[in-house]
DNA sequence: TAGATTGTTAATCGATTAACAATC
DNA sequence: TAGATTGTTAATCGATTAACAATC
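Residue numbers (the numbering used here), protein chains in the order written: chain C, 11 to 223; chain F, 11 to 223.
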């Protein structure tokens, strides 16, 4: 069983950026890359890159750099991108639809196998090639499909109920797009993608910029 | 001209969470709220809340707490949520469509006034009640509409060109959803919303969880 | 050997948290 | 007055960065 080290959250968040830079480097036929080049891509100093990568092991060669393909594969393995992750998505509004159809996710091993909505108009249809079920079927389907991840794209009001339902069904990783702080048991990993909240912080910058000029 | 203090990024990111908690508190007719209650909503200790809010001034009363409505208005003002921010969105795919239609943004003062795409099929149509123009018209329309913010939802390949175009047109705040590191001049504020990269970090957690159990 | 670049140590920086005097 | 809660100071924690010996 492969060992996976603990890694600081900010370091983890930079790995996908390095990974993409490596893929592009590989396309260009470059066999070796330096921490300097990776740092430029991520907007951090080379020392930060080396520190980040040091959490995964000794991956480079002093005086030379990192072997492009090897490092890409190591990152891919570390983040588990080659492993299929079975997910369900609840809330087939505009955003839910967009995420269900997003090809970029599949390339990272995410397979959204079922959609749920309480609108009878949508239930029974297919969206982005995936079946839509009623929200009353979440528990049942999660178990029969072996889903381990749940994506919430319902409006704020319904989000906690959906989360509860997912947790009850045994899901232990939730990616929440609803603009609401959810309460989940300790063993459940909750990642919030709160676009309205993000907009609010961007709004601050816009206003600041307006006052400056 | 109102003064806006510098505020650490993590503190700024928590303000919208406090703000939403305040709105709910207000709905429930509660006139006073404590840092303790706000902290619970955001998952941080009360001391963190008080420190965060202290960047905006002395907003509470010792021994009592914060006046709900007053604090909500202060946050709203600080983040500029009541001010209209004119934006354009480039890339009318699934995600672009979803963002263009997202009602939550309007509540925070974002007004997306024009969409752009290079697909002739889409140009000339209306999507979510907003006109779609050809990408060759970005500069012209940004200026005539007075847009100060740009949202990028094109595929990775085209993102840098779109950003360049926006910057040339005078846009100085860019919200980028394309999975690509963009290069912009120093005076431009760039906020990345890289969902594929986020998925990669979540994938790490899923795999870790799998190994644990 | 000279030049380049790694991994790691130590210093720096900045954010979080605990503690408490001041206030209501 | 007793109890509650603020704003702020100081201590703690954790991440970033600079510097450099080790390595190629």
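For glycine and all other residues, C-beta sits at the position ideal for the given N, C-alpha and C.
Model, not experiment: these values are computed from the prediction.
| field | Span of the beta strand (DSSP E) around residue 98(F) | value | To locate residue 98(F), count along the second chain from 1; it is residue 88. Unbroken beta strand (DSSP E) run through residue 98(F): 95-100.
| If contact means a Cβ-Cβ distance below 8 Å, which residues of the stretch 86-100 of chain C contact chain F? | 88, 89, 90, 91, 93, 95
| Going along the chain, which residues of its own chain have a beta-carbon closer than 6 Å to the beta-carbon of residue 29(F), five neighbours each way excluded? | Locating residue 29(F) in the second chain gives position 19, counting from the first residue. Result list for residue 29(F): 85, in chain order.
| C-alpha distance - residue 32(F) paired with residue 59(C), whole-angstrom precision | The residue you call residue 32(F) lines up with position 22 of the second chain. The residue you call residue 59(C) lines up with position 49 of the first chain. Approximately 40 Å, taken between the alpha carbons.
| Cut-off 8 Å between Cβ atoms - residues of its own chain near residue 145(F), not counting five sequence neighbours on either side | As a first step, residue 145(F) is located in the second chain; it is residue number 135 there, counting from the start. Closer than 8 Å at Cβ, skipping near neighbours: 100, 126, 127, 128, 172, 175.
| Quick one, which residues of the stretch 139-165 of chain F are near chain C if we go by CB-CB under 8 Å, in chain order? | 158, 159
| task | Give the residues from the stretch 188-214 of chain F that approach chain C closer than 8 Å (Cβ to any Cβ), ordered along the chain. | result | 189, 190, 191, 199, 201, 203, 204, 205, 206, 207, 208, 209, 210, 211, 212, 213, 214
| Cutoff 7 Å; reference residue 11(C); Cβ partners in own chain excluding five residues on either side | Mapped onto the first chain, residue 11(C) falls at position 1. Since pLDDT at residue 11(C) reaches only 39, below the 50 mark, its modelled position is unreliable, and the value read off the structure follows with that caveat. So no residue of the chain qualifies.
| query | Are there three or more Cβ pairs, one per stretch, closer than 8 Å when the stretch 53-69 of chain F is compared with the stretch 111-125 of chain F? | reply | no
| Extent of the continuous alpha helix (DSSP H) to which residue 37(C) belongs | Position 27 of the first chain, counted from the start, is the residue given in the question as residue 37(C). First-last of the alpha helix (DSSP H) with residue 37(C): 19-37.
| query | Assuming residue 143(C) contacts residue 124(C) under a Cβ cut-off of 8 Å, what Cβ separation, rounded to an integer in Å, is found between them? | reply | The sequence position of residue 143(C) within the first chain is 133, counting from 1. The sequence position of residue 124(C) within the first chain is 114, counting from 1. Contact holds; Cβ gap of about 6 Å.
| message | Between the stretch 187-201 of chain C and the stretch 71-82 of chain F, can you find at least three pairs of beta-carbon atoms closer than 8 Å? | response | no
| said: Please classify residue 209(F) as buried or exposed, where buried requires at least 16 other C-beta atoms within 10 Å of its C-beta. | reply: Residue numbering aside, residue 209(F) sits at position 199 when the second chain is read from its first letter. Answer is buried; the Cβ neighbour count reaches 16.
| Can you give, in chain order, each stretch of the alpha helix (DSSP H) that sits fully within the stretch 150-191 of chain F and has at least 4 residues? | 166-178
| request: Check each candidate in 166(F), 89(F), 52(F), 177(F) and name the one with the smallest Cα separation from residue 199(F). | output: Numbered from 1 along the second chain, position 189 holds the residue referred to as residue 199(F). Out of 166(F), 89(F), 52(F), 177(F), 177(F) has the C-alpha closest to the C-alpha of residue 199(F).
| request: With a 10 Å radius around its C-beta and 16 neighbouring C-beta atoms as the bar for buried, classify residue 207(C) as buried or exposed. | output: For the purposes of this step, residue 207(C) is identified with residue 197 of the first chain, where counting begins at 1. The residue is buried, with at least 16 neighbouring Cβ atoms inside 10 Å.
| said: Against chain F, does residue 115(C) count as a neighbour if the rule is that its beta carbon must be under 8 Å from one of theirs? | reply: Walking along the first chain from the start, residue 115(C) turns up at place 105. Closer than 8 Å: yes.
| request: Could you name the residues that DSSP lists as bridge partners for residue 140(C)? | output: Position 130 of the first chain, counted from the start, is the residue given in the question as residue 140(C). Answer is 137(C), bridged to residue 140(C).
| Within the 8 Å Cβ cut-off, does residue 181(C) reach chain F? | In the first chain, the residue the question calls residue 181(C) occupies position 171. Answer no: the Cβ-Cβ gap between residue 181(C) and chain F never drops below 8 Å.
| Using a C-beta cutoff of 8 Å, does residue 104(F) count as contacting chain C? | The residue you call residue 104(F) lines up with position 94 of the second chain. With 8 Å as the cut-off, residue 104(F) counts as an interface residue toward chain C.
| field | Beta-carbon gap between residue 187(C) and residue 162(C) smaller than 8 Å | value | Numbered from its first residue, the first chain carries residue 187(C) at position 177. Numbered from its first residue, the first chain carries residue 162(C) at position 152. Taking 8 Å as the Cβ cut-off, residue 187(C) and residue 162(C) qualify as a contacting pair.
| Between the beta-carbon of residue 219(C) and the beta-carbon of residue 182(F), is there less than 8 Å? | Here residue 219(C) refers to the residue found at position 209 when the first chain is read from its first residue. Here residue 182(F) refers to the residue found at position 172 when the second chain is read from its first residue. Their beta carbons are under 8 Å apart, which means residue 219(C) touches residue 182(F) by this criterion.
| chain F contact residues for residue 55(C), given Cβ-Cβ distances below 9 Å | As a position in the first chain, residue 55(C) is number 45, starting the count at 1. Neighbours of residue 55(C) on chain F: none; closest Cβ ~15 Å, over 9 Å.
| task | Give a yes or no on whether 8 Å exceeds the smallest Cβ distance from residue 11(C) to chain F. | result | Indexing the first chain from 1 puts residue 11(C) at position 1. With a pLDDT of only 39 at residue 11(C), under 50, the local geometry of the prediction cannot be trusted, and the value read off the model is given with reservation. So yes, residue 11(C) belongs to the interface.
| query | Is the Cβ-Cβ distance between residue 190(C) and residue 108(F) less than 8 Å? | reply | Residue mapping note: residue 190(C) aligns to position 180 of the first chain, counting from 1. Residue mapping note: residue 108(F) aligns to position 98 of the second chain, counting from 1. Contact: no.
| 8 Å Cβ cutoff, residue 122(C) in contact with chain F | Stepping through the first chain from its first residue, residue 122(C) is reached at position 112. Taking Cβ atoms only, chain F never reaches closer than 8 Å to residue 122(C), which makes this a no.
| Taking Cβ positions only, does residue 216(F) come closer than 8 Å to chain C? | Along the second chain, one-based indexing puts residue 216(F) at 206. Cβ-Cβ to chain C under 8 Å: yes for residue 216(F).
| Spatial neighbours of residue 94(F) in its chain, beta-carbon cut-off 7 Å, leaving aside the 5 residues before and after | Here residue 94(F) refers to the residue found at position 84 of the second chain. So the qualifying residues of the chain are 119, 121.
| said: Along the chain, where does the alpha helix (DSSP H) containing residue 218(F) start, and where does it finish? | reply: Working through the second chain from its first residue, we reach residue 218(F) at position 208. Taken as a continuous stretch (DSSP letters only), the alpha helix (DSSP H) holding residue 218(F) covers 205-222.
| Inter-residue spacing [alpha-carbon to alpha-carbon] between residue 224(C) and residue 140(C) | This structure leaves residue 224(C) out entirely; chain C is present only between 11 and 223.
| Through-space distance from residue 134(C) to residue 110(F), alpha-carbon basis | Indexing the second chain from 1 puts residue 110(F) at position 100. Indexing the first chain from 1 puts residue 134(C) at position 124. Taking the straight line from one Cα to the other gives about 27 Å.
| Looking at C-alpha atoms only, which residue of 221(F), 138(F), 214(F) is the closest neighbour of residue 92(C)? | Along the first chain, read from residue 1 onward, the residue named residue 92(C) stands at position 82. The candidate whose alpha carbon is nearest that of residue 92(C) is 214(F).
| task | Ignoring anything shorter than 4 residues or poking outside the stretch 41-100 of chain C, list the alpha helix (DSSP H) runs there in chain order. | result | 45-52, 56-64, 78-89
| query | DSSP three-state call for residue 12(F): helix, strand or coil? | reply | Here residue 12(F) refers to the residue found at position 2 of the second chain. Note that residue 12(F) has pLDDT 47, beneath the 50 cutoff, so the model's placement of it is unreliable and the number below is only indicative. Three-state result, residue 12(F): coil.
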